[in-house]
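Note sheet for the following structure.
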Amino acid sequence: MPGRGQSPFSSVIKCRAAVAWEAGKPLSLEEVEVAPPKAHEVRIKVIISIFNCIHYILGD
Numbered sequence: 609m610p611g612r613g614q615s616p617f618s619s620v621i622k623c624r625a626a627v628a629w630e631a632g633k634p635l636s637l638e639e640v641e642v643a644p645p646k647a648h649e650v651r652i653k654v655i656i657s658i659f660n661c662i663h664y665i666l667g668d
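All you need for my numbering is the position in the sequence shown, starting with 1, plus 608.
Quick look at the structure:
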């Protein structure tokens, strides 16, 4: 959590992510650290997403 007067967009954040370590294997739900955005980058908050990638499932 950012300190007083510090923007939440200028600090490292922790979040949960579905990580693909190997094609064709189950995703691993892990806590990851995300660095603050650099020049010409932005940080967005994803509210919902739909995963439908046949290439990952088939291991292509």
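C-beta: ideal position from N, C-alpha, C; glycine also.
- Restricting attention to alpha helix (DSSP H) runs no shorter than 4 residues, the stretch 616-655 encloses none.
- Taking VAL627 as reference, the option from GLU641, ILE655, VAL650 with the minimal CA-CA separation is GLU641.
- Spatial neighbours of ILE655 in its own chain (CB-CB distance under 8 Å, excluding positions within 5 residues in sequence) are not present.
- By the CB criterion at 8 Å, LYS622 and GLU639 fall inside the cutoff.
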